[in-house]
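*Asks:*
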Amino acid sequence: MTFETRWLAALPAFSNLADQRFIVLILQPLFEEANRTRRTLALMARALDRQGVGVVMADLPGMGEHPLCAKQVGISDIGTASNLLCDALTSQGRPVLVAGFRAACLFDSLPGASANWRFAPEPGDRLVRTLLRTEMPEETTEAHAFINGQLVSRAFLDDITRLPLPNPAHLRTLRLASDRAEADRHVEASPLWRHAEPGEDPALAELLAEDILQWAVTCGIS
Amino acid sequence: MQPDRPALSDDIRGLLSDVLGIAQDRAATFKDTTELFGSLPELDSMAVANLLAELEDRMGIIVEADEVDGDMLGTFGGLVDFVDGKLSR
Numbered sequence: 004m005t006f007e008t009r010w011l012a013a014l015p016a017f018s019n020l021a022d023q024r025f026i027v028l029i030l031q032p033l034f035e036e037a038n039r040t041r042r043t044l045a046l047m048a049r050a051l052d053r054q055g056v057g058v059v060m061a062d063l064p065g066m067g068e069h070p071l072c073a074k075q076v077g078i079s080d081i082g083t084a085s086n087l088l089c090d091a092l093t094s095q096g097r098p099v100l101v102a103g104f105r106a107a108c109l110f111d112s113l114p115g116a117s118a119n120w121r122f123a124p125e126p127g128d129r130l131v132r133t134l135l136r137t138e139m140p141e142e143t144t145e146a147h148a149f150i151n152g153q154l155v156s157r158a159f160l161d162d163i164t165r166l167p168l169p170n171p172a173h174l175r176t177l178r179l180a181s182d183r184a185e186a187d188r189h190v191e192a193s194p195l196w197r198h199a200e201p202g203e204d205p206a207l208a209e210l211l212a213e214d215i216l217q218w219a220v221t222c223g224i225s
Numbered sequence: 071m072q073p074d075r076p077a078l079s080d081d082i083r084g085l086l087s088d089v090l091g092i093a094q095d096r097a098a099t100f101k102d103t104t105e106l107f108g109s110l111p112e113l114d115s116m117a118v119a120n121l122l123a124e125l126e127d128r129m130g131i132i133v134e135a136d137e138v139d140g141d142m143l144g145t146f147g148g149l150v151d152f153v154d155g156k157l158s159r
């Protein structure tokens with residue numbers, strides 16, 4: 004199918020929706036990590052598409068092409084937008100598998116989703132630790148931290164620090180082999196989200212797509 | 071079990087290669103005296119943040135803000151010593 008960028012549930016989304024048997028909703032990493040992983044996630048989306056799977060990769064509030072800037076975003080904006088998008092997709096009558104990456108997994112427990120799959124989930128406190136290491140104090144205000152060239156609400160940082168990773172019912176987790184945390188599978192690859200420049204890993208994209216497809220079969224939604 | 075220092079040095083060479091995007095054969099030449107922050111153009115402030123986060127993930131340690139200084143990031147040997155010390159605690 005052809006991918007196009009269009010608006011879905013008030014979010015700009017890269018998608019191929021037609022009459023596929025189920026839909027994978029990709030929740031991209033937050034902030035700069037999204038830029039560093041986007042090419043690989045797009046390759047993964049195309050690999051899923053070749054297997055006849057519907058794919059939606061939306062930009063959440065404050066991220067990517069979304070018109071709301073990070074300065075204005077609270078965690079409720081991201082949670083509400085994710086819920087509305089998943090609701091819009093499930094209302095089409097096809098199962099939705101949510102594929103969460105990094106700290107986006109904090110928002111991946113969505114009503115109506117049939118299964119969850121995660122890659123390298125990152126707790127909110129770890130995300131904020133890394134973000135604040137790049138804070139520029141001279142540009143910072145009482146209400147906002149200047150991080151990676153943009154202002155981010157301190158209320159958002161405080162809230163996401165305390166946000167636990169949810170525990171949806173049908174969940175599979177993959178991590179890098181170099182990551183000590185527990186997972187259902189550890190895979191050999193480089194942490195693209197840490198790289199100085201955006202890159203791509205076609206082999207990883209294929210591996211992740213295959214694992215998602217297998218998980219969909221296991222969960223009976225394929 | 072804590073890796074011995076040569077093994078730890080190899081782990082950190084691999085980590086630097088991954089995070090900074092430098093070739094593995096170049097990272098393999100890093101010795102204890104090899105200068106890092108201020109001498110490696112790839113290691114800017116953003117890369118330092120990612121390097122510390124990746125160290126925490128891979129080594130299972132926590133790096134506090136007041137522990138990041140010239141001794142820790144000045145040379146490859148200083149970085150290995152720092153991680154070695156963290157793992158020994």
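Protein sequences, first through last, are from chains Z and A. For what it's worth, our numbering labels the leading residue of the first sequence as 4, then goes sequentially. For what it's worth, our numbering labels the leading residue of the second sequence as 71, then goes sequentially. C-beta atoms are modelled at their ideal positions from N, C-alpha and C, and glycine is treated no differently. Quick caveat: nothing in here was measured; it's all calculated off a predicted structure.
1) Determine whether the beta carbon atoms of G127 (chain Z) and I150 (chain Z) lie at a separation below 8 Å.
2) With respect to the beta strand (DSSP E) encompassing L216 (chain Z), which residues constitute its N-terminal and C-terminal limits?
3) Is it the case that the Cβ atoms of I29 (chain Z) and L14 (chain Z) are separated by a distance below 8 Å?
4) Quick check on G130 (chain A) - is its C-beta less than 8 Å from some C-beta in chain Z?
5) So is D74 (chain A) in contact with chain C if we call contact Cβ pairs under 8 Å?
6) State the start and end residues of the unbroken alpha helix (DSSP H) segment that holds V101 (chain Z).
7) Taking 8 Å as the threshold (beta carbon to beta carbon), is P70 (chain Z) in contact with chain A?
8) Give the DSSP-derived three-state secondary structure of T99 (chain A) in the structure shown.
9) Using a Cβ cut-off of 8 Å (strictly closer), state whether V153 (chain A) contacts chain Z.
10) Whole angstroms is fine: what's the gap from T8 (chain Z)'s alpha carbon to T221 (chain Z)'s?
11) So which residues of chain A does D128 (chain Z) contact, with C-beta pairs closer than 9 Å?
12) How do the segment 133-143 of chain Z and the segment 55-66 of chain Z stand: do at least 3 beta-carbon pairs fall below 8 Å, yes or no?
13) Kindly indicate which three-state DSSP category A61 (chain Z) falls into: helix, strand or coil?
14) Where does the unbroken alpha helix (DSSP H) through S158 (chain A) begin, and where does it stop?
15) Could you list which residues in chain Z have their beta carbon closer than 8 Å to that of A117 (chain A), in chain order?
16) At which residues does the alpha helix (DSSP H) containing P76 (chain A) begin and terminate?
17) Quick check on DSSP: helix, strand or coil for P15 (chain Z)?
18) Let's see if you can read the secondary structure: which residues bound the beta strand (DSSP E) around N170 (chain Z)?
*Replies:* Judging by the given coordinates:
1) Within the first sequence, numbered from 1, the residue matching residue 127 (chain Z) stands at position 124. Within the first sequence, numbered from 1, the residue matching residue 150 (chain Z) stands at position 147. Taking C-beta atoms as the reference points, G127 (chain Z) and I150 (chain Z) fail to come closer than 8 Å.
2) Within the first sequence, numbered from 1, the residue matching residue 216 (chain Z) stands at position 213. Bounds of any beta strand (DSSP E) do not take in L216 (chain Z); it lies within the alpha helix (DSSP H) bounded by P205 to T221.
3) As a first step, residue 29 (chain Z) must be located in the first sequence, where it is residue number 26. As a first step, residue 14 (chain Z) must be located in the first sequence, where it is residue number 11. Remark: C-beta atoms of I29 (chain Z) and L14 (chain Z) do not approach each other more closely than 8 Å.
4) By 1-based counting over the second sequence, the position of residue 130 (chain A) is 60. At a cut-off of 8 Å between beta-carbon atoms, G130 (chain A) makes contact with chain Z.
5) The structure shown has no chain C; the protein chains it does contain are Z and A.
6) Position 98 of the first sequence holds residue 101 (chain Z). No alpha helix (DSSP H) holds V101 (chain Z); the beta strand (DSSP E) holding it covers V99 to F104.
7) For the purposes of this step, residue 70 (chain Z) is identified with residue 67 of the first sequence, where counting begins at 1. P70 (chain Z) does not count as touching chain A.
8) Taking the first residue of the second sequence as 1, we reach residue 99 (chain A) at position 29. Note: T99 (chain A) maps to coil in three-state DSSP.
9) Position 83 of the second sequence, counted from the start, is the residue given in the question as residue 153 (chain A). Between V153 (chain A) and chain Z, the shortest Cβ-Cβ separation is not below 8 Å.
10) Looking up residue 8 (chain Z) in the first sequence gives position 5. Looking up residue 221 (chain Z) in the first sequence gives position 218. When rounded, the distance between both Cα atoms is 30 Å.
11) On the first sequence, residue 128 (chain Z) is found 125 positions in, with the first residue counted as 1. Near D128 (chain Z) there are no residues of chain A at all, since even the closest Cβ is about 11 Å away, more than 9 Å.
12) The segment 133-143 of chain Z and the segment 55-66 of chain Z do not touch, with fewer than 3 CB-CB distances between them shorter than 8 Å.
13) On the first sequence, residue 61 (chain Z) is found 58 positions in, with the first residue counted as 1. DSSP, reduced to helix, strand and coil, places A61 (chain Z) within a strand of the structure shown.
14) Mapped onto the second sequence, residue 158 (chain A) falls at position 88. Looking at the DSSP string, the run of the alpha helix (DSSP H) that includes S158 (chain A) is F146 to S158.
15) The residue you call residue 117 (chain A) lines up with position 47 of the second sequence. One finds A199 in chain Z with Cβ atoms closer than 8 Å to the Cβ of A117 (chain A), taken in chain order.
16) The residue you call residue 76 (chain A) lines up with position 6 of the second sequence. Judged by DSSP secondary structure, P76 (chain A) falls within the alpha helix (DSSP H) whose first and last residues are R75 to L90.
17) Against the first sequence, residue 15 (chain Z) aligns to sequence position 12. The answer is strand: DSSP assigns P15 (chain Z) an E or B state.
18) Indexing the first sequence from 1 puts residue 170 (chain Z) at position 167. Where N170 (chain Z) is concerned, there is no enclosing beta strand (DSSP E), given that its DSSP letter is neither H nor E.
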